[in-house]
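In the UniProt record's numbering, the protein residues as written are 1 to 465.
Remarks on the structure that follows.
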Amino acid sequence: MQTLHAKDQSYRPESSKELFVGTFKDETEAMKTAIIFILFFAYFHPATPFMTVKDFARNGLKRCYERGTVPEKVNGQDMPLPTEASNECLRSETSPDKRCSTPYDVFAILDWGTDQQRNLQMEVIGNLSVNFDVGPRRSSVGVYSNMKSQLSRGLNTIVNNTGVAGCQSCFPKYYQRSGGKNSDVEVIQKLNETLTEFIEESDKTRNELGEVKSGTPAKVVLFFSYNTAVNDDYRLRDVLWEFEKNFKEATILAVGPGKESLKIFTLKDDYDIFQIPTGSANAVDLAGKLKARICKVPAEFQFKECHRNSRSAEAENRQELVIGLNRKQYWAMYPKYFLKSYGITLKFKPQDGAQIKVCFTRSAYVAMEDNPQNIECHESSGDEIKFSVRDPCKKRNVNNCDPFFFTIEGKKSPNGVCQSLKCSTPKDIQLEFQHEGISCSTASFISVSTMALVLAAFAFFIRRQ
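So, in structure tokens, the structure goes:
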């Protein structure tokens, strides 16, 4: 066998094996390198247990084609994209400025029915995943099924929430079902467990990395169901109420042929139910409707130290955001953080000469653009934008007090280059969100009342003297 030399331009390997081995001293060295290469990628790639090495390698090739990193020709020979790859792994035809800008964590729960039903769901998920700004420290998409599983206490995982777009629709093809379906009650219970575990892991990772807070991605649940019978089981209502109580920031979007049977899962039926027409359904059209709704689901400003009632705790809760030029993001803060507040100041400050527009309302975010009379908007010329709120939950509780809703738009790029790890382009806009006066505890009011009582008693004692 010939040895390949860099200067020998006339040499052309007769096979891919000869091309690979020819770059090393012998076949043994080549095989060692190949094994190390495969093990390295198998360790760091989010492969799933049901995938064989052959499946794994084939999926890797599809991803390379999708990203344009595999040449169309090698040594003059065509390297065609496998037919099934073009249907499974989707290339984004959406320009970055048309993708949803708000960060999301999407949890898609597939109804494991017929092949036709499964293929439609896979295509919808694939189309959606390339329409989000998916990536590390941005958005993620996970795929689960309603099948029973012995491997986890939560939902049956097909692919964990990953920051890689385009191939969420690949993995279900290699998913091997085992056992029967969970009931709707069991699915919602397991969804509760899955989100709890996901949030705990996310918080733990963020704390270990010591990252500056940057808001919490919106939680969107895509619930596919081909069941058309209305479920009046009180247990289902109970677990849905428990889910809503635990995850105010989560939105369930129900997808299926039976509109009446889906109403139990949603809070806003007119916005959150997506009916699959009988007969042949167009996955692209359905994905487009879902995208338009998901783009308006708000991410969350959290303040988990709201019980401390201190300025230092609020200063520590400074949150850094990144938004693209001419892009819009939706955000919310829920009353569990400001329930016992009286005077609140909410502040947004763009960095490095950038300009933003921020709108604030207590009305439902899905109607923000339709109700300008209930919205307060300010556009910054580089200065801080402030909103003041007095006694936001007066005579209300955590269940009926209205949240704070915001939209943030990027109006002018910064003078310099965006330095955050969340930046998608050098001209993305960095801004800070801060607040003053937020409290979820009555401790501060109790302490003030106690001090007033002590002073009154002391004054009374002085007068008696």
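Yeah, the Cβ is synthetic: ideal placement off N, Cα and C, and Gly gets one too.
With a CB to CB cut of under 7 Å and the five nearest residues on each side skipped, what residues in its chain are close to Gly-180? Lys-148
So Ser-214 and Gly-256 are supposed to be a Cβ contact under 8 Å. How far apart are they, rounded? In fact, because the Cβ distance is near 35 Å, the residues do not count as touching under 8 Å.
With contact counted as at least three CB pairs below 8 Å, one residue from each stretch, are the segment 198–205 and the segment 250–264 in contact? no
Of the choices Lys-304, Phe-243, Arg-293 and Phe-338, whose alpha-carbon is the least far from that of Gln-329? Out of Lys-304, Phe-243, Arg-293 and Phe-338, Arg-293 has the C-alpha closest to the C-alpha of Gln-329.
Quick check on the burial criterion: 16 or more other C-beta atoms within 10 angstroms. Buried or exposed for Lys-340? buried
Can you give me the C-alpha to C-alpha distance between Lys-219 and Val-141, rounded to a whole angstrom? 10 Å
For Thr-345, I'd like the list of residues in its chain whose CB is within less than 7 Å of its CB, leaving aside the five on either flank, ordered along the chain. The beta carbon of Thr-345 lies closer than 7 Å to those of Lys-386, Ser-388, His-435, Glu-436 and Gly-437 in the same chain, with the five residues before and after it left out.
So Leu-110 and Ile-188 are in contact, right, with Cβ under 8 Å, and what is the actual spacing, rounded? Actually they do not touch by this definition, with Cβ atoms about 15 Å apart.
Leaving out five residues on either side along the sequence, give the residues of the same chain with a beta carbon under 7 Å from the beta carbon of Thr-228. The residues are Pro-257, Gly-258 and Ser-261.
Give the C-beta separation of Val-297 and Tyr-104 to the nearest angstrom, bearing in mind that I take them to be a contact with Cβ-Cβ under 8 Å. 7 Å between Cβ atoms; contact.
Could you check what DSSP says for Cys-401 in three-state terms: helix, strand or coil? Of the three classes helix, strand and coil, the one that applies to Cys-401 here is coil, per DSSP.
Alpha carbon to alpha carbon, how far is Lys-427 from Gln-351? Give it in angstroms, no decimals. 12 Å
Starting from Phe-243, trace the alpha helix (DSSP H) both ways and give me its first and last residue. 234–246
Residue span of the alpha helix (DSSP H) that contains Leu-120, given as start and end: Run containing Leu-120: 115–129, per the alpha helix (DSSP H) assignment.
Beta-carbon within less than 7 Å of Val-284's beta-carbon, same chain only, minus the 5 sequence neighbours each way: which residues are those? Excluding residues within five positions, the ones whose Cβ falls inside 7 Å are Asn-127.
Quick one: which unbroken alpha helix (DSSP H) runs of 4-plus residues sit fully inside the segment 327–373? Chain order, please. Segments of the alpha helix (DSSP H) lying fully in the segment 327–373: there are none.
Can you list, in chain order, the residues of its chain with a C-beta nearer than 8 Å to that of Ile-375? Leave out the 5 residues immediately preceding and following it. Cys-359, Phe-360, Thr-361, Ser-363 and Met-368
Kindly indicate the opening and closing residues of the beta strand (DSSP E) around Asp-105. 104–110
So the candidates are Tyr-337, Asn-119, Ile-273 and Leu-321; which of them puts its Cα closest to the Cα of residue 468? Absent from the structure is residue 468, since the part of the chain shown begins at 1 and ends at 465.
Taking all protein chains shown into account, decide if Val-417 is buried (16 or more other Cβ within 10 angstroms of its Cβ) or exposed. exposed
Is it the case that the segment 404–415 contacts the segment 305–316, given that we only count it when at least three CB pairs across the two stretches are under 8 Å? no
Between Thr-157 and the rest of its own chain, which residues show a CB-CB distance below 7 Å, the 5 nearest in sequence each way excluded? Tyr-144
Look up Tyr-271 in the DSSP assignment and give the residues it is bridged to. According to DSSP, Tyr-271 bridges with nothing at all.
Given that a residue counts as buried once 16 or more other Cβ atoms are within 10 Å of its Cβ, and exposed if not, what is Asn-192? Buried: at least 16 other Cβ atoms inside 10 Å.
Answer yes or no: do Leu-431 and Phe-348 have a C-beta to C-beta separation smaller than 9 Å? yes
Once DSSP output is grouped into helix, strand and coil, what is the label at Phe-301? coil
Assuming contact is defined by CB atoms lying nearer than 9 Å, are residue 490 and Leu-236 in contact in what I supplied? Since the displayed the chain opens at 1 and closes at 465, residue 490 lies outside it and no answer follows.
Beta-carbon proximity list for Ile-323, same chain, < 8 Å, skipping 5 on both sides: Ser-101, Gln-329, Ile-356, Ile-408, Glu-409, Gly-410, Asp-428, Ile-429 and Leu-431
Taking Cβ positions only, does Ala-108 come closer than 9 Å to chain D? Given the protein chain composition of this structure (a single chain), no chain D is represented.
Proximal residues to Gln-116 (C-beta, below 8 Å), its chain only, five neighbours per side dropped: The beta carbon of Gln-116 sits closer than 8 Å to no other beta carbon from its chain once the five residues preceding and following it are set aside.
Segment limits, beta strand (DSSP E) that includes Arg-390: 385–390
Proximity winner among Asn-309, Glu-242 and Ser-413, relative to Cys-440 (alpha-carbon distances): Asn-309
Inter-residue Cα distance where the pair is Gln-275 and Ala-287: Per the coordinates, the alpha-carbon of Gln-275 lies some 12 Å from the alpha-carbon of Ala-287.
Endpoints, the alpha helix (DSSP H) within which residue 471 is located: Here the chain has residues from 1 to 465 only, and residue 471 is not among them.
Hey, out of Ala-315, Ile-125, Ser-280 and Leu-290, whose CA is closest to Tyr-271's CA? Leu-290
Could you give the first and the last residue of the continuous beta strand (DSSP E) run that contains Gly-142? 140–145
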